[in-house]
Amino acid sequence: MSARFQLNKSQIQDLRILIDLNDGQLENIQRKVDEFNQTVLSPESLAEHISDICGNDTALHFVRMLLSLTTISLQSMLGVEGVVSGIQDGLPVDSNWTEEELSTWQNRRTILVDLLSSKILRRAATAIDLTYEYTNLFRRARVLTDIRPIFSESGEEIDGAVISHTLHLVYDSLDGDHELSVALDFLDIKKLKEQCDRAIIKAETSQKVMRDSAGVSTVISGAQYNE
Numbered sequence: 045m046s047a048r049f050q051l052n053k054s055q056i057q058d059l060r061i062l063i064d065l066n067d068g069q070l071e072n073i074q075r076k077v078d079e080f081n082q083t084v085l086s087p088e089s090l091a092e093h094i095s096d097i098c099g100n101d102t103a104l105h106f107v108r109m110l111l112s113l114t115t116i117s118l119q120s121m122l123g124v125e126g127v128v129s130g131i132q133d134g135l136p137v138d139s140n141w142t143e144e145e146l147s148t149w150q151n152r153r154t155i156l157v158d159l160l161s162s163k164i165l166r167r168a169a170t171a172i173d174l175t176y177e178y179t180n181l182f183r184r185a186r187v188l189t190d191i192r193p194i195f196s197e198s199g200e201e202i203d204g205a206v207i208s209h210t211l212h213l214v215y216d217s218l219d220g221d222h223e224l225s226v227a228l229d230f231l232d233i234k235k236l237k238e239q240c241d242r243a244i245i246k247a248e249t250s251q252k253v254m255r256d257s258a259g260v261s262t263v264i265s266g267a268q269y270n271e
């Protein structure tokens, strides 16, 4: 089963990597992925594994493209072959590639199918999917600090001031973006900091136990961006 995919410019640019890399590079990437005997759960670690073949930036774009397509194949009923066929049907319509470029991409279809079928990519794609499988996803937060003056009865003088804080959260869900503001006092700020520090420790403890005691490769969501 296949369906033509409507591709945007960013997706087409990522798919072009299959043309820009030569046959030798693609074969080496496939070999390194097949031979890799560790569990990879993040795009960055997998990209680092193949970066010596095509460079850091290209490797990361290539891996993210592969993981995106793998996720589609896992979440849909199309399967790997159906996803690749849908892309192949969409490229002549949505890209401005030449006949030679389209032919080159077609000739490398088998390598793409093999890569998307690899256990490492499918495991990494599943890990990413589980990371974001929540009703609401945090986007960003700010703590705004206000100084509110206390005026005299006449309003002509400031007799004092109160300092307070507002936690401003931005998150999104299936129905779009949302914002929430919550007033905090000094003790609330301290408790929030303590809980955040404790959450970091719990994550590191859990990762260590899973790796050392259970022998299960474990990634802390988002931790790679702090390395």
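Following this note's numbering, the numbering of the sequence shown begins with 45 at its first residue and continues without gaps. Heads up, the beta-carbon is just placed ideally off N, CA and C, and yes, glycines get one too. This structure is a prediction, so every number in the text was calculated from the model and none was measured.
Cutoff 6 angstroms; reference residue i; Cβ partners in own chain excluding five residues on either side
i: L228; result: H209 and L211
i: L165; result: L110 and T114
i: I116; result: V127
i: D256; result: none
Cβ-Cβ distance between residue i and residue j below 8 angstroms
i: A243; j: I264; result: no
i: R122; j: V107; result: The identity of residue 122 in the sequence shown is Leu, whereas the question assumes Arg. Not a contact, by the Cβ cut-off of 8 angstroms.
i: L51; j: L135; result: yes
i: S162; j: D78; result: yes
i: L59; j: R152; result: no
i: A168; j: S86; result: yes
CA nearest to the CA of residue i, picked from the options
i: K76; options: L65, H93 and V107; result: H93
i: Q69; options: Y215, P87, E125 and G99; result: G99
i: Y188; options: I233, V128 and D173; result: A quick correction: the sequence has Leu, not Tyr, at residue 188. It is I233 whose Cα lies nearest to the Cα of L188.
i: D67; options: Q119, I97 and L236; result: I97
i: L174; options: D101, T262 and C240; result: T262
Own chain, CB closer than 7 angstroms to residue i, minus 5 neighbours either side, in chain order
i: P193; result: I202 and A205
i: N270; result: Because the pLDDT at N270 is just 48, under 50, the model does not fix this residue reliably, and the value given afterwards should be weighed accordingly. If we look at N270 and ignore the five residues flanking it on each side, it has no Cβ neighbours.
i: R48; result: G130, D133 and G134
i: D215; result: Looking at the sequence itself, residue 215 is Tyr, so the reference to Asp does not match. Cβ within range, chain order: N180, L181, F182, R183 and H222.
i: Q74; result: I155, D158 and L159
i: I191; result: A205 and I207
With 16 other Cβ atoms within 10 Å as the buried cut-off, status of residue i
i: S225; result: exposed
i: I207; result: exposed
i: V260; result: exposed
i: S217; result: exposed
i: L231; result: exposed
i: A171; result: buried
i: E238; result: exposed
i: Q119; result: exposed
Inter-stretch contact at 8 angstroms, needing at least 3 Cβ pairs: the segment 249-260 / the segment 157-177: Contact between the segment 249-260 and the segment 157-177 is absent, because fewer than three Cβ pairs lie under 8 angstroms.
Cβ contact (3+ pairs, closer than 8 angstroms) linking the segment 133-145 and the segment 182-197: No: the two stretches stay apart, fewer than three of their Cβ pairs being nearer than 8 angstroms.
Can you find at least 3 beta carbon pairs, one from the segment 161-181 and one from the segment 145-153, that sit closer than 8 angstroms? No, because fewer than three Cβ pairs between the segment 161-181 and the segment 145-153 fall closer than 8 angstroms, the two stretches do not touch.
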